[in-house]
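Novice:
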Amino acid sequence: MTEHGSIIYLEGVTVDYDGFKALNNLNFIVNHRELRVVIGPNGAGKTTLLDVISGKTKPAAGRVIFGKDRDLMGMREYEITQLGIGRKFQAPSIYGNLSVWENLDLSLSRPSKGIFATLRGISTAAEREEIDRTLETIGLQEQVRKRAGSLSHGQKQWLEIGMVILQDPELLLVDEPVAGMTDEETEQTGRLLQSLAEKHAIIVIEHDMEFVRQIARIVTVLHEGTVICEGTVEKVQADDRVREIYLGRQKVAHG
Amino acid sequence: MFWLVGFVLLFVLPILNVLPAEDSWLHVSDFALNRFGKFLAFAILALGLDLIWGYAGILSLGQGVFFGIGAYCMGMHLMLTIGSQSVYGSALPDFMVWNQVTELPFFWKPFYSFSAAVLAGLLVPACFALIFGFLAFRSRIKGVYFAIITQALALMAWLVFNRNETNLGGTNGLTDFKTLLGFRLSDPGTQLALYVVTVLCLGGAYAMCRWIIASRAGRVLIAIRDSEQRVLFSGYSPATYKLFVFVVSAMLAGLAGILYVPQVGIITPAQMGVLPSLEMVVWVAVGGRATLVGAIVGAVGVNLGRSVLTNSFPELWPFFLGGLFVVVVLLFPDGVMGMARQVRGKFAERAARLPKSQAVEGEQT
Ligand SMILES: Nc1ncnc2c1ncn2[C@@H]1O[C@H](COP(=O)(O)OP(=O)(O)O)[C@@H](O)[C@H]1O
Ligand SMILES: [Mg+2]
Chain A
29 MTEHGSIIYL EGVTVDYDGF KALNNLNFIV NHRELRVVIG PNGAGKTTLL DVISGKTKPA
89 AGRVIFGKDR DLMGMREYEI TQLGIGRKFQ APSIYGNLSV WENLDLSLSR PSKGIFATLR
149 GISTAAEREE IDRTLETIGL QEQVRKRAGS LSHGQKQWLE IGMVILQDPE LLLVDEPVAG
209 MTDEETEQTG RLLQSLAEKH AIIVIEHDME FVRQIARIVT VLHEGTVICE GTVEKVQADD
269 RVREIYLGRQ KVAHG
Chain B
-11 MFWLVGFVLL FVLPILNVLP AEDSWLHVSD FALNRFGKFL AFAILALGLD LIWGYAGILS
49 LGQGVFFGIG AYCMGMHLML TIGSQSVYGS ALPDFMVWNQ VTELPFFWKP FYSFSAAVLA
109 GLLVPACFAL IFGFLAFRSR IKGVYFAIIT QALALMAWLV FNRNETNLGG TNGLTDFKTL
169 LGFRLSDPGT QLALYVVTVL CLGGAYAMCR WIIASRAGRV LIAIRDSEQR VLFSGYSPAT
229 YKLFVFVVSA MLAGLAGILY VPQVGIITPA QMGVLPSLEM VVWVAVGGRA TLVGAIVGAV
289 GVNLGRSVLT NSFPELWPFF LGGLFVVVVL LFPDGVMGMA RQVRGKFAER AARLPKSQAV
349 EGEQT
């Protein structure tokens, strides 16, 4: 696999927090239209990985290449967003004082998001249709005029997913989307992610092994800032080191 | 509502000033109208503060500086038009004669021109805000840190303007103005005209702020207040938006200063320091943040209260103002407008039992 065929390519990435390496010489590649699940125990560096890709954290070393040859190092968050990388945060991150519609409208990908464009800009019919379609996808048609802050936790998660979809990113970064969701909501979210994967590349971080089994094609296991195993769900589950780290921890947590 | 209030301010009050006999209960005195004109100038400033604090959530404690710069620009022009009618009979302003300055400092020279003075009163605050804001927002200075450095700015400006060496009249400021564009400032007609101009400027400022808030940019401002991080990841540069709104608020403050000076007849550093800047924040808090109308209501209301109170108990005003702020913050965080909404909500609740309301729930308009 060459870097040119990939949507995101990380090589030798190290993130250093005062001597503690949240990512340690990490190599990580995702292909176009791939749905990749990243798992790993708490503190493994999963969120930090997304921070690096989306520009929130600057690595101490390494390369981060988007698409063919776009170097993301040194770019600001909103520039990376406009390039086509969307991010859904672990805790729902939405605009509580705006309506559901306004949340989606602000997120919609537009040629310019500068101050002069937004002062003059009005939504076109095509844009409104696109927002309507997304509302249907995330099932929030009824809540369209509601203050986003008044939505339930699950609805907020979905709204944020909708906001990211409307950015029309080539690469979606999704951090623990089903945390705090009911079983039914979890399953719906799984289907949603799978249908999105037909058009976009997605990186999903997840803890819930059942959910992972539902959506995963290839799973990457992160531990102490490095990849320790990568492959199908079956391969990963059969891996001794993974069992030791991951299942061992779970046992501790349960026991 | 906008047109009704505009009509009252623009026609009813001036007509009640001009037509009824002086002893009629309908008569609005020259003094009252002049005072009201000053409050409306403050309301223009409050609109700008509401944009940046109410909507974008950035507390600026330095608005008095921009107000003061606008006021001094107009004041310098008025000083120069006095010419040799002054006490010392010199072409130089009296305080310069007093300070043994023999030649007009270079930066005073453009202010012979009225339009240059007005332009400077708007653009100097704008440039100041642009440079200061650029540095602050680019280094992601936020929240209480931004409030503190803008307060430091107010303190610094106060110190600089107080010095005689600055050649701006020191502690006594600029005063004893005689004419504006050839009209005597002591004429009631001139003051009436200034009042009308102030009302028109307030109307224009309000319309502009409404337009900004109604646009998508207005929603980006609210979004910045809600979650600045999300704004970054929605593809907007929050720093640019903050800078824009900071510059707009500085220009509105400058405009307020320009209108204030000829109506009040004096500007001193005491009007632009730390305390006046804090008081401006109280106006907006009392009126209700993020409503625009609340900013106007608060600015006029608090200042009305102030003139009533300072007539009878001048020494009590600071305590009253402080108390008011504490009460509003603790008990009525949405100010007068919030209370009005609650009252209206109670009525609407009764009415809403019949048809289902389509309005955005809890949405600010
Ligand atoms: N800003 C930070 N400063 C210091 N340490 C951090 C910071 N962010 C994350 N860490 C540490 O880096 C490690 C990886 O964190 P994270 O990527 O959030 O893990 P997770 O895999 O649970 O998402 C954790 O041990 C965390 O404490
Ligand atoms: Mg995490």
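For the record, the sequence lines run as chains A and B. With the numbering used here applied, the first sequence covers 29 to 283. With the numbering used here applied, the second sequence covers -11 to 353. For glycine and all other residues, C-beta sits at the position ideal for the given N, C-alpha and C.
(1) Considering only the beta carbon of each residue, do alanine 283 of chain B and glycine 58 of chain B sit closer than 9 Å?
(2) So for alanine 31 of chain B, helix, strand or coil by DSSP?
(3) Output the distance between the C-alpha atoms of proline 81 of chain B and methionine 62 of chain B, rounded to the nearest integer angstrom.
(4) For arginine 204 of chain B and chain A, any beta-carbon pair shorter than 9 Å?
(5) Give a single yes or no on whether threonine 248 of chain A has its beta carbon closer than 8 Å to a heavy atom of ligand 2.
(6) With a threshold of 9 Å between beta-carbons, can lysine 279 of chain A be considered close to chain B, or not?
(7) Could you tell me the distance, in whole angstroms, from the CA atom of glycine 253 of chain A to the CA atom of alanine 72 of chain A?
(8) Within 8 Å: the Cβ of asparagine 53 of chain A and any heavy atom of ligand 1?
(9) Counting C-beta neighbours from all protein chains within 10 Å, is the total for tryptophan 186 of chain A 16 or more, i.e. buried, or is it exposed?
(10) Rounding to the nearest angstrom, what Cα-Cα distance links methionine 29 of chain A and isoleucine 122 of chain A in this structure?
(11) Which residues are close to ligand 2, meaning CB closer than 7 Å to any heavy atom, in chain order?
(12) Taking 8 Å as the cut-off, is the C-beta of glycine 68 of chain A nearer than that to any heavy atom in ligand 4?
(13) Under 9 Å between beta-carbons, which chain A residues line up against glutamine 217 of chain B? List them in chain order, please.
(14) Tell me, please, whether the segment 116 to 129 of chain B touches the segment 231 to 240 of chain B by the rule of three or more beta-carbon pairs shorter than 8 Å.
(15) Sort A:Glu188, A:Ala153, A:Ala154 and A:Ser151 by Cα distance to leucine 168 of chain A and report the nearest one.
(16) If contact is defined by three or more beta carbon pairs under 8 Å, each pair taking one atom from either stretch, is the segment 61 to 77 of chain B in contact with the segment 308 to 327 of chain B?
(17) What does threonine 146 of chain A reach in chain B if we use C-beta pairs closer than 7 Å?
(18) Let me know the secondary structure DSSP gives glycine 350 of chain B once reduced to three states.
(19) Any heavy atom of ligand 1 within a distance shorter than 8 Å of the CB on alanine 72 of chain A?
(20) Is alanine 207 of chain A helix, strand or coil by DSSP?
(21) What is the residue span of the alpha helix (DSSP H) that threonine 138 of chain B lies within?
(22) In chain A, what lies closer than 9 Å to aspartate 214 of chain B by C-beta?
(23) Would you say the beta carbon of leucine 77 of chain A is closer than 8 Å to some non-hydrogen atom of ligand 1?
(24) Just the C-alpha distance for lysine 279 of chain A and glycine 142 of chain A, rounded to the nearest angstrom, thanks.
(25) Is it buried or exposed, serine 82 of chain A, if we count other Cβ atoms within 10 angstroms and call 16 or more buried?
Specialist: Answer, in terms of the structure:
(1) No, they are not a contact pair.
(2) Helix, per DSSP.
(3) 14 Å
(4) yes
(5) no
(6) Per-residue confidence for lysine 279 of chain A stands at a pLDDT of 49, beneath the threshold of 50, marking its modelled position as unreliable; the derived number appears in the next sentence. Not an interface residue.
(7) 6 Å
(8) no
(9) buried
(10) Any answer about methionine 29 of chain A is weak, because its pLDDT of 46 lies below 50 and its placement is not dependable; what the coordinates show is given next. Going from the Cα of methionine 29 of chain A to the Cα of isoleucine 122 of chain A covers about 37 Å.
(11) A:Lys74, A:Thr75, A:Gln118, A:Asp203, A:Glu204 and A:Ile233
(12) Annotation note on ligand 4: not contained in the displayed structure, which lists ligand 1 and ligand 2 as its ligands.
(13) Those are Lys84, Glu105, Phe117 and Ser121, listed as they occur along chain A.
(14) yes
(15) A:Glu188
(16) no
(17) Ser203, Arg204, Ala205 and Val208
(18) Residue placement at glycine 350 of chain B cannot be trusted, given a pLDDT of 42 that sits under 50; the coordinates are not used to answer.
(19) Yes, the beta carbon of alanine 72 of chain A sits closer than 8 Å to at least one heavy atom of ligand 1.
(20) coil
(21) 131 to 150
(22) Ile122, Tyr123, Gly124, Asn125, Leu126, Ala176 and Gly177
(23) Answer for leucine 77 of chain A: yes, Cβ within range of ligand 1.
(24) Low per-residue confidence applies at lysine 279 of chain A: pLDDT is 49, beneath 50, and the placement is therefore not dependable enough to give any value.
(25) Here serine 82 of chain A is buried. Its C-beta has 16 or more other C-beta atoms within 10 Å.
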